[in-house]
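Colleague: Dumping the structure here so I can ask a few things about it.
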Amino acid sequence: MEQVTLVVDDNGYADHKLAWIDDEGQIQTLKIPTVIGTDRLSSNSGETVDRYKANGVEYTCKTSVRSPINLRNANYPASVENRVLVTHALRKARLLNKPLYLGVTLSFRDYFSDQGTQIVENKQATIANFNGTGGTVEVLGSDDKANITQVECFSEALSAFFDFALDDQGEFTEAAKYTKGDVAIIDIGGSTTDVVNLIIDDTITINNNYSGASKVGVLDLKFALEKGIKQELINLGLIENSHEAEIPPTLVNEVLETGSTFFAGQMRNFEKLRSEVAGSVATKIINNVKSTLGSIGIYRAIIITGGGSVVFYEWLTEAFPNPVMLDEFSNARGALKFMRNVADGKIQAKTSKPVKKAAVD
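Following the UniProt record's numbering, the numbering of the sequence shown begins with 1 at its first residue and continues without gaps.
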């Protein structure tokens, strides 16, 4: 019997982050942009390019899609578009056809209510989106398909803690052994920023009074940056002065990553604009986080993760004393480490009790 591969997709609004265990037992990661549309793309030899079909609709997953579908809605984790994007990520990781035990994620407040109880209907809908109940995804121009044998759903932010607490072999890290008391997890994603207060002793407890979510993230930076770039290009007379004026999504990503881009025959520098916009969004995020967590001095460790941990690094490290900066793969890796330890019998997964402070065993 072919070995089942453990894989987790942190299905973010800005990027899908994939983590899986390869044939040698090592953790691998991959990121793909969360861009999907209905453009019909083909190669110059006539072959389909990154095209899929689900529920009777054809989709393309590629950053060159002219009009991406707006995915910033509450139903995204259980949507057809998300199912297609996960299939696309699995294909890019060359994991199609292999038997897979798939982990998917929900943002903290989509997974837990304000009272700390699990929102079962959200978990069930997300799992059903990938276990075949909601339909499958066809890879156009190929016989490859996702062979998902089992699906589990995990909470973002909480998963990042397991990346902090467990090494790649599933053993407790030195930092985790000595971290007791209150810990803050700040997960800055594409659409939201999740803030979680964990209390670490013999168990892991969530203090819901100092946990929450705000609808601000990396996408807010991208939207503001796109608006600013458009205006500068209009001022230079390089694009039409119209509400319908468009610039390529890839151009915005280039400016976000490097501060400049090639447009209209020469390099254009947007570093000043990027810094101003990023600083404005970062300030909003930091104010929301501090309002949720209360006194920062009570926390033994402040763990910052998600795509925003990279994008807003300069402002976050100024705002919080000696934070533990994890990368954007930490939710996927942490859930994967937890899955492997459960599969190996090192730990048991239990459902949280419906109390104000929800215990997570």
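Yeah, the Cβ is synthetic: ideal placement off N, Cα and C, and Gly gets one too.
Could I get the ranges of all uninterrupted beta strand (DSSP E) runs contained in the region 138-187, with 3 residues as the minimum, in chain order?
Modeller: 147-155
Colleague: Use the C-beta contact count for residue 268: other C-beta atoms within 10 angstroms, 16 or more gives buried, fewer gives exposed.
Modeller: Here residue 268 corresponds to residue number 268 of the sequence shown, with the count starting at 1. Answer is buried; the Cβ neighbour count reaches 16.
Colleague: Count the C-beta pairs between the region 287-307 and the region 125-140 that are closer than 8 Å, then say yes if the count reaches three, no if not.
Modeller: no
Colleague: Out of 170, 207 and 88, state which residue places its alpha-carbon closest to the alpha-carbon of residue 181.
Modeller: Against the sequence shown, residue 181 aligns to sequence position 181. Selected option, being the one with the closest Cα: 207.
Colleague: To which residues of the same chain is residue 168 closer than 6 Å at the C-beta, ignoring the five residues directly before and after it?
Modeller: For the purposes of this step, residue 168 is identified with residue 168 of the sequence shown, where counting begins at 1. 27, listed in sequence order.
Colleague: Report the rounded CA-to-CA distance for residue 316 versus residue 143, giving the unit in angstroms.
Modeller: Translated into positions along the sequence shown, residue 316 becomes position 316. Translated into positions along the sequence shown, residue 143 becomes position 143. Using only the alpha carbons, I get a separation of about 46 Å.
Colleague: Between residue 175 and residue 270, what straight-line distance do the alpha-carbon atoms span, to the nearest angstrom?
Modeller: Residue numbering aside, residue 175 sits at position 175 when the sequence shown is read from its first letter. Residue numbering aside, residue 270 sits at position 270 when the sequence shown is read from its first letter. Cα to Cα, the separation comes out at about 39 Å.
Colleague: What do you get for residue 88, buried or exposed, if any count of 16 or more other CB atoms within 10 angstroms of its CB means buried?
Modeller: Here residue 88 refers to the residue found at position 88 of the sequence shown. Under this definition residue 88 is a buried residue.
Colleague: Using 8 Å as the threshold, is the C-beta distance between residue 159 and residue 12 below it?
Modeller: In the sequence shown, residue 159 corresponds to position 159, counting from 1. In the sequence shown, residue 12 corresponds to position 12, counting from 1. At a Cβ-Cβ threshold of 8 Å, residue 159 and residue 12 do not count as neighbours.
Colleague: Take every Cβ of the region 86-100, pair it with every Cβ of the region 184-192, and state whether three or more of those distances are shorter than 8 Å.
Modeller: no
Colleague: Helix, strand or coil: which one does DSSP assign to residue 351?
Modeller: Counting from one through the sequence shown, the residue named residue 351 turns up at place 351. Bear in mind that the predicted position of residue 351 carries a pLDDT of just 38, short of 50, making it too unreliable to give a figure here.
Colleague: Within this structure, are the beta carbons of residue 49 and residue 249 separated by less than 8 Å?
Modeller: Taking the sequence shown and counting its residues from 1, one reaches residue 49 at position 49. Taking the sequence shown and counting its residues from 1, one reaches residue 249 at position 249. Not a contact, by the Cβ cut-off of 8 Å.
Colleague: Alpha carbon to alpha carbon, what distance is there between residue 154 and residue 210?
Modeller: Here residue 210 refers to the residue found at position 210 when the sequence shown is read from its first residue. Here residue 154 refers to the residue found at position 154 when the sequence shown is read from its first residue. Cα-Cα distance, rounded: 20 Å.
Colleague: Given this structure, state the Cα-to-Cα distance separating residue 215 from residue 287, to the nearest angstrom.
Modeller: By 1-based counting over the sequence shown, the position of residue 215 is 215. By 1-based counting over the sequence shown, the position of residue 287 is 287. C-alpha separation (whole angstroms): 13 Å.
Colleague: So residue 221 and residue 278 are supposed to be a Cβ contact under 8 Å. How far apart are they, rounded?
Modeller: Stepping through the sequence shown from its first residue, residue 221 is reached at position 221. Stepping through the sequence shown from its first residue, residue 278 is reached at position 278. Going by Cβ atoms, the distance from residue 221 to residue 278 rounds to 6 Å, so yes, they are a contact pair.
Colleague: By how many angstroms is the C-alpha of residue 262 removed from the C-alpha of residue 339?
Modeller: Counted from its first residue, the sequence shown places residue 339 at position 339. Counted from its first residue, the sequence shown places residue 262 at position 262. Those two C-alpha atoms are separated by around 43 Å.
Colleague: If you run the structure through DSSP and keep just helix, strand and coil, what is residue 2?
Modeller: Along the sequence shown, read from residue 1 onward, the residue named residue 2 stands at position 2. Of the three classes helix, strand and coil, the one that applies to residue 2 here is coil, per DSSP.
Colleague: Consult DSSP for residue 234 and reduce its assignment to one of helix, strand or coil.
Modeller: What you label residue 234 is simply residue 234 of the sequence shown in a count that begins at 1. Reduced to three states, the DSSP call for residue 234 is helix.
Colleague: Under the assumption that residue 252 contacts residue 293 (Cβ atoms under 8 Å), give the Cβ distance between them as a whole number of angstroms.
Modeller: Along the sequence shown, read from residue 1 onward, the residue named residue 252 stands at position 252. Along the sequence shown, read from residue 1 onward, the residue named residue 293 stands at position 293. Rounded, the Cβ-Cβ distance is 31 Å, inconsistent with contact.
Colleague: Below 8 Å, how does it come out for the region 98-114 and the region 56-68: are there three or more Cβ pairs, yes or no?
Modeller: no
Colleague: Short check: CB of residue 234 to CB of residue 245, under 8 Å?
Modeller: Locating residue 234 in the sequence shown gives position 234, where the first residue counts as 1. Locating residue 245 in the sequence shown gives position 245, where the first residue counts as 1. Their beta carbons are under 8 Å apart, which means residue 234 touches residue 245 by this criterion.
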